[in-house]
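The sequence shown: position 26 = 26 (full-length UniProt numbering), numbered continuously. No residue lacks a Cβ here, since even glycine has one placed at the ideal position from N, Cα and C. So the structure is just underneath, and the comments pick up after that.
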Amino acid sequence: MKNRLKVLRAERAWSQQDLAERLQVSRQSVNAIETGKYDPSLPLAFRIADVFGMAIEAIFLRD
């Protein structure tokens, strides 16, 4: 699954650590999601969508 996390984060000038703190996860988790090494759980995907004020489908894309 592809995602737009890195782009959305950059648009807000947030570091991976900034986003991790907002999501209450580790910076390593944010990195793993951004690089496609890890797909977030559904609750985490909803938290990500809430943080960016977007629908999940606008952030996460099928391969």
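What separation, rounded to the nearest whole angstrom, lies between the Cα atoms of residue i and residue j?
{"i": "S41", "j": "F52", "result": "17 angstroms"}
{"i": "residue 65", "j": "A58", "result": "With the chain covering only 1 through 63, there is no way to say anything about residue 65."}
{"i": "G36", "j": "D18", "result": "19 angstroms"}
{"i": "D63", "j": "S26", "result": "25 angstroms"}
{"i": "S29", "j": "L44", "result": "11 angstroms"}
Could you name the residues that DSSP lists as bridge partners for residue i?
{"i": "L61", "result": "K2"}
Measure the Cβ-Cβ separation of residue i and residue j and say whether it is below 8 angstroms.
{"i": "I56", "j": "F46", "result": "yes"}
{"i": "N3", "j": "Q16", "result": "no"}
{"i": "M1", "j": "D39", "result": "yes"}
Near residue i, what residues of its chain come up, given a Cβ to Cβ distance below 6 angstroms and the 5 sequence neighbours on each side ignored?
{"i": "L61", "result": "K2"}
Check whether the segment 6-13 touches the segment 21-29, taking contact to mean three or more Cβ pairs, one atom from each stretch, closer than 8 angstroms. no
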